[in-house]
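Take a look at the structure below.
Numbering (the numbering used here), first residue to last: 1168 to 1284.
Quick look at the structure:
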């Protein structure tokens, strides 16, 4: 399930990040480079406001572990190519997936950080 989620997330993000809203709920939280957004609408607005037109995520095999509440925590590392830039940016992103009352999976926590050394 981990590989399928990650592939779906980044394919959707790269095509039209506004379409990620269905993966979040009103209690979901995104921390993007230290800036926090709460709820599906707030997260979608944050992602849509990012200052690039084109993006492509390139990533390795994600790591995952079960959480105490029956969820899954996923760590992804990779590179971003934005607006045909020649030098990709290294990033790390962690997701905590949970199930809602209908047993549908959603992103409860999402933390994104560029790796700048």
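C-beta: ideal position from N, C-alpha, C; glycine also. On a predicted model such as this, the values are computed, not experimentally measured, just so you know.
- In the same chain as residue 1214, and ignoring 5 residues on each side of it, the C-beta atoms closer than 6 Å to its own belong to 1184, in chain order.
- DSSP, reduced to helix, strand and coil, places residue 1184 within a helical segment of the structure shown.
- Counting C-beta pairs closer than 8 Å gives three or more between the segment 1240-1254 and the segment 1214-1230, which meets the contact rule.
- Residue environment: residue 1268 is assigned as exposed (fewer than 16 neighbouring CB atoms within 10 Å of its CB, all protein chains considered).
- Here residue 1176 is actually not in contact with residue 1273; their C-beta atoms are around 12 Å apart, not less than 8 Å.
- Non-local beta-carbon contacts of residue 1276 in its own chain, meaning distances under 6 Å to residues more than five positions away in sequence, involve 1196 and 1263 in chain order.
- For the 7 Å CB-CB criterion, residue 1243 and residue 1260 form a contact.
- Excluding the 5 residues flanking it on each side, residue 1182 has no same chain C-beta neighbour closer than 8 Å.
- Inter-residue distance for residue 1226 and residue 1171 is about 13 Å (C-alpha atoms, whole angstroms).
- Distance from the Cα of residue 1216 is smallest, within the candidate group 1229, 1202 and 1228, for 1202.
- Ranked by how close their Cα comes to the Cα of residue 1256, the residues 1189, 1239, 1280 and 1208 have 1280 in first place.
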